[in-house]
Amino acid sequence: MATVTSGQPYHGSRVKTWWTILKISLEERFVYRGDFALGTLMRFLPIITQVFLWYAIFAASGKSQIEAYTKKGVVAYFMLTMISRAFSSMPGLCSGIALQVRDGEIKKYLIQPIDLIGFLLITRVAHKLCYYVIALIPFAFVFFLCRGFFENGWPQASILCAYFLSLVMGFLLGFFIEASLGLVSFWFLEVTSLVFVYNLLNFFLSGHMFPLDLLPDWASEFVNLLPFQYLAYYPAAIFLGTIPPEQVWLGLAVEACWLIAFIIIARVMLNRGIRRYSGFGG
Amino acid sequence: MPMALIELHNLQKTYRVYQKKEGLRASIKGLFKRTHKEVQAVKGINLEVEQGEFVAFLGPNGAGKTTTLKLLSGVIHPTSGTASVMGYTPWERENDYRRRFALVMGQKNQLWWDLPAQESFRLHQQIYGIDTQQFQNTLDELSDLLGLRKLLSQPVRELSLGERMKMELTAALLHSPEVLFLDEPTIGLDVVAQHNIQQFLKYYQEKRKITILLTSHYMKDVAALCKRVVIIADGRIQYDGSLSGIIDETTNRKLVTLQFANPITDSLLESLKRFGDIVQQEAPRVTLEVTRDDVPAMLTAILDAHDIDDLIVEEPPLEDVIADVFARVSKASDEEPSLDEGS
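Here the protein sequences line up with chains A and B, keeping their order.
To convert, count from 1 in the first sequence and add 5; that's the numbering used here.
To convert, count from 1 in the second sequence and add 126; that's the numbering used here.
Laid out in structure tokens, this is it:
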């Protein structure tokens with residue numbers, strides 16, 4: 006009994022710690038409202054160009070349907086990847102870690118009793134929450150205007166649950182992949198080109214550029230072996246029903262494995278990196 | 127045998143630094159093959175500090191002061207040697223240890239830049255698990271002592287350097303650390319802010335009886351605060367003792383200033399030179415540097431031969447004495463490379 010009562014306040018205060026960090030980073034985020042509002046608006050620009058591009062492709066091919074996608078279906082797909090990316094993209098995470106390593110800010114996490122990855126994750130959650138609060142109304146408005154593009158309407162409840170889960174896991178996967186990349190800076194101080202390569206791969210292999218089911222079989226088998234599809238394509242495909250319902254959960258299980266793998270990678274890299282940092286530099 | 131609160135035994139730290147030669151060609155070569163150089167920042171430090179001591183580390187840039195503080199706060203691993211602070215090995219970074227000390231670096235910022243310091247303090251409260259009532263009391267006490275009350279709700283980026291440093295100190299002291307490491311806490315501050323921080327540290331240390339290790343370039347900080355001074359140069363401890371002891375131990379010179387009633391002639395100057403070096407001459411005064419033991423004989427001789435209006439015998443300025451120590455050490459190890467601090 007005694008152990009329970011002595012253990013609980015510690016646990017309670019842990020939760021409170023993360024809650025306080027979340028609140029404070031939310032406050033910090035809201036300092037830059039102008040930047041945020043602008044950032045939200047700019048999100049819509051790339052998708053507009055993509056929609057025009059696909060309209061041109063449809064016009065040139067003279068077909069009304071390319072593989073599984075109708076003209077409307079493509080627009081719906083890109084609108085949904087925009088939502089996926091709103092969860093999985095991590096602007097500034099990787100370069101932020103690199104900067105902290107380079108200018109020694111990282112020391113703070115060695116001196117204070119706090120976990121770097123946990124801290125970054127919670128501030129990122131705050132970052133995202135803040136973004137959703139601001140983006141919710143314009144997103145809802147655009148989706149309402151474009152409701153005609155969603156020919157199948159709303160998916161059923163279980164699929165909607167799977168969709169939501171895939172977004173949350175997409176967020177976590179994106180976070181841990183980019184955190185792992187950022188932690189490379191313990192070995193190479195500059196990671197800009199690494200981020201560039203990652204973003205490029207991400208752009209093509211996540212389904213951000215084109216729906217992945219348009220790829221030829223050999224290529225789509227290859228893409229299926231990689232984690233990128235979960236960052237944009239997979240949630241959208243769940244929502245649109247492109248993935249048969251019985252396979253949805255299997256895909257999510259594979260995604261969970263990727264997530265666990267990257268959590269472990271990030272942890273190991275942090276431990277090794279800190280050991281290296283404290284052994285060499287400081 | 128009771129252990130000292132902080133014990134360092136033969137602590138050594140060697141950094142490996144990338145050597146880049148000048149020019150584009152060397153840079154391209156560097157892409158394929160890098161030459162590294164070993165730099166011994168700390169070459170074997172032995173030190174014991176008792177609970178409640180306020181110790182200053184003095185030394186030129188690159189002497190190993192900051193490296194020593196980094197070792198003690200567990201940011202870096204030593205190459206060899208042992209250290210114990212309150213019974214912990216710092217670089218194992220146990221959470222228990224991290225809750226009991228604090229490190230303040232004058233050139234590093236720990237507070238959230240865009241938020242009022244108050245918010246960073248709240249975060250510290252959570253990170254260190256400080257009881258709300260205790261947190262409030264400590265914060266009240268510290269902000270009264272440092273005169274920060276009105277500034278708590280102002281974004282940190284709008285504070286002056288001095289105010290920010292006070293906030294940093296407050297943040298570091300919220301969890302009532304038993305050991306405090308201060309790396310150049312008054313760097314870049316004006317005289318008034320420096321003085322305020324000195325006063326505060328003195329008061330706080332005396333009241334709480336905490337143990338403080340401080341590095342500073344300002345002799346005034348050291349003179350005001352620390353009874354014990356450790357001079358580190360070239361990665362080793364060159365002196366460990368009281369501030370006044372430095373002068374006794376490291377120099378046997380005194381400065382004698384004479385104010386003559388009559389005009390100073392060349393022959394007079396010539397006759398003075400046999401007692402010591404003339405370091406300053408500004409009629410009607412002449413200042414000589416004289417070996418301590420020679421002072422009485424010299425004074426007798428001069429007072430007999432000349433009309434003297436005024437006479438001062440004093441120790442050479444502390445800064446000069448310490449600069450001499452530094453210079454001696456760096457001369458002795460001239461062939462060895464030194465490491466710039468920071469990073």
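Every residue, glycine too, gets a C-beta built ideally from N, C-alpha and C.
Being a predicted model, the structure only gives us computed values, none of them experimental.
Cβ-based contacts, 7 Å cut-off: residues of the region 100 to 117 of chain A near chain B: G109, K112, K113, L115, I116, Q117
Any C-beta of chain A under 7 Å from that of R224/B: Residue numbering aside, residue 224/B sits at position 98 when the second sequence is read from its first letter. A Cβ of chain A is located within less than 7 Å of the beta carbon of R224/B.
Cβ-Cβ separation, M95/A to F149/A (assumed contact under 8 Å), whole Å: Stepping through the first sequence from its first residue, residue 149/A is reached at position 144. Stepping through the first sequence from its first residue, residue 95/A is reached at position 90. Not a contact, Cβ separation roughly 28 Å.
Delimiting residues of the beta strand (DSSP E) encompassing Y214/B: Locating residue 214/B in the second sequence gives position 88, counting from the first residue. Premise fails: Y214/B is in no beta strand (DSSP E) and is neither H nor E.
Cβ neighbours of E440/B in the same chain (closer than 6 Å, five flanking residues each side left out): Within the second sequence, numbered from 1, the residue matching residue 440/B stands at position 314. Exclusion of the five residues before and after E440/B leaves L381 as the residues of its chain whose Cβ lies within less than 6 Å of its Cβ.
Length of the line joining the Cα atoms of F386/B and D433/B: On the second sequence, position 260 is the one that residue 386/B refers to. On the second sequence, position 307 is the one that residue 433/B refers to. C-alpha separation (whole angstroms): 6 Å.
Nearest-angstrom Cα separation, counted from E179/B out to L327/B: Locating residue 327/B in the second sequence gives position 201, counting from the first residue. Locating residue 179/B in the second sequence gives position 53, counting from the first residue. Roughly 12 Å separates the two Cα atoms.
Among K68/A, L125/A, I139/A, L27/A, nearest to L43/A - alpha-carbon criterion: Sequence index remark: in the first sequence, residue 43/A carries index 38 (1-based). Nearest C-alpha to L43/A: I139/A.
For L395/B and E310/B, the rounded distance between their alpha carbons: As a first step, residue 310/B must be located in the second sequence, where it is residue number 184. As a first step, residue 395/B must be located in the second sequence, where it is residue number 269. Their Cα atoms are separated by approximately 44 Å.
Residues of the region 191 to 216 of chain A with Cβ closer than 8 Å to any Cβ of chain B, in chain order: none
Min CB distance I358/B to chain A below 7 Å: As a working mapping, residue 358/B is identified with position 232 in the second sequence. So no, I358/B is outside the interface.
CB contact check: I29/A to chain B, cutoff 7 Å: Looking up residue 29/A in the first sequence gives position 24. Judged by the 7 Å Cβ criterion, I29/A is in contact with chain B.
Distance CB(P249/A)-CB(Y82/A) smaller than 7 Å: Against the first sequence, residue 249/A aligns to sequence position 244. Against the first sequence, residue 82/A aligns to sequence position 77. No, these two residues do not count as a Cβ contact at 7 Å.
Distance between L230/A and L137/B (C-alpha atoms, nearest Å): The residue labelled residue 137/B in the question sits at position 11 within the second sequence. The residue labelled residue 230/A in the question sits at position 225 within the first sequence. Roughly 50 Å separates the two Cα atoms.
Of the residues A103/A, R19/A, E32/A, the one placed nearest S198/A, counting alpha carbons only: Along the first sequence, read from residue 1 onward, the residue named residue 198/A stands at position 193. Checked all of A103/A, R19/A, E32/A; the closest Cα to S198/A is A103/A.
Cβ pair Y235/A, L172/A closer than 7 Å: Here residue 235/A refers to the residue found at position 230 of the first sequence. Here residue 172/A refers to the residue found at position 167 of the first sequence. No, they are not a contact pair.
Own chain partners of I132/B with C-beta closer than 6 Å, once the 5 adjacent residues on each side are dropped: Within the second sequence, the letter at position 6 stands for residue 132/B. V175, V211.
Chain-order list of residues whose beta-carbon lies under 6 Å from that of R107/A (same chain, five-residue window excluded): In the first sequence, residue 107/A corresponds to position 102, counting from 1. Here the set comprises L194.
Close Cβ partners of A182/B (< 6 Å) along its chain, the five nearest in sequence each way excluded: By 1-based counting over the second sequence, the position of residue 182/B is 56. For A182/B, where only same-chain residues beyond five positions count, the Cβ hits under 6 Å are L340, V348, C352, V355.
Spatially closest choice to Q320/B from A297/B, V305/B, L300/B, Y344/B, by CA coordinates: The count along the second sequence starts at 1 and reaches residue 320/B at position 194. Of the candidates A297/B, V305/B, L300/B, Y344/B, the one whose C-alpha sits nearest the C-alpha of Q320/B is Y344/B.
Inter-residue spacing [alpha-carbon to alpha-carbon] between R379/B and F401/B: One-based indexing of the second sequence puts residue 379/B at position 253. One-based indexing of the second sequence puts residue 401/B at position 275. When rounded, the distance between both Cα atoms is 12 Å.
When T391/B, A427/B, S286/B, V421/B are compared against R411/B, the one with the closest alpha-carbon: Start at 1 with the first residue of the second sequence, and residue 411/B comes out as number 285. Selected option, being the one with the closest Cα: T391/B.
7 Å Cβ cutoff, T128/A in contact with chain D: The structure shown contains no chain D; its protein chains are A and B.
Span of the alpha helix (DSSP H), counted from its first residue to its last, around S246/B: Position 120 of the second sequence, counted from the start, is the residue given in the question as residue 246/B. Segment 243 to 253, the alpha helix (DSSP H) holding S246/B.
Any C-beta of chain A under 7 Å from that of D309/B: The count along the second sequence starts at 1 and reaches residue 309/B at position 183. Not one chain A Cβ lies under 7 Å of D309/B.
Any chain B beta carbon closer than 7 Å to V253/A: Within the first sequence, the letter at position 248 stands for residue 253/A. For V253/A, the answer is no, since every Cβ of chain B falls outside 7 Å of its Cβ.
Short CB-CB distance (under 7 Å) between V36/A and chain B: If you number the first sequence from 1, residue 36/A lands on position 31. So yes, V36/A belongs to the interface.
Per DSSP, cross-strand counterpart(s) of K163/B: Here residue 163/B refers to the residue found at position 37 of the second sequence. Answer is V143/B, bridged to K163/B.
7 Å Cβ cutoff met for A359/B and A209/B: On the second sequence, residue 359/B is found 233 positions in, with the first residue counted as 1. On the second sequence, residue 209/B is found 83 positions in, with the first residue counted as 1. It is not a contact, given that the beta carbons lie outside the stated cut-off.
Chain-ordered chain B contacts of E33/A [CB-CB under 9 Å]: Start at 1 with the first residue of the first sequence, and residue 33/A comes out as number 28. Those within 9 Å of E33/A in chain B are W238, W239, D240, L241, E245.
T376/B beta carbon less than 7 Å from that of V451/B: One-based indexing of the second sequence puts residue 451/B at position 325. One-based indexing of the second sequence puts residue 376/B at position 250. Cβ distance < 7 Å, so V451/B and T376/B count as in contact.
Cβ-based neighbour list, A350/B, same chain, cut-off 7 Å, excluding 5 preceding and 5 following: The sequence position of residue 350/B within the second sequence is 224, counting from 1. Correct list, in chain order: Q324, K328.
Contact belief for Y254/B with P240/A at Cβ below 8 Å, rounded distance in angstroms: For the purposes of this step, residue 254/B is taken as residue 128 along the second sequence, with counting starting at 1. For the purposes of this step, residue 240/A is taken as residue 235 along the first sequence, with counting starting at 1. Rounded, the Cβ-Cβ distance is 39 Å, inconsistent with contact.
Coil, strand or helix - M492/B by DSSP: For residue 492/B there is no data in the structure shown, the boundaries of chain B being 127 and 469.
Nearest neighbour of T75/A, chosen from I265/A, F154/A, I269/A [CA to CA]: Start at 1 with the first residue of the first sequence, and residue 75/A comes out as number 70. Of the listed residues, the one whose Cα sits closest to T75/A is F154/A.
Cβ shell of G156/B (< 7 Å), same chain only, five flanking positions each side left out: One-based indexing of the second sequence puts residue 156/B at position 30. So the qualifying residues of the chain are K146.
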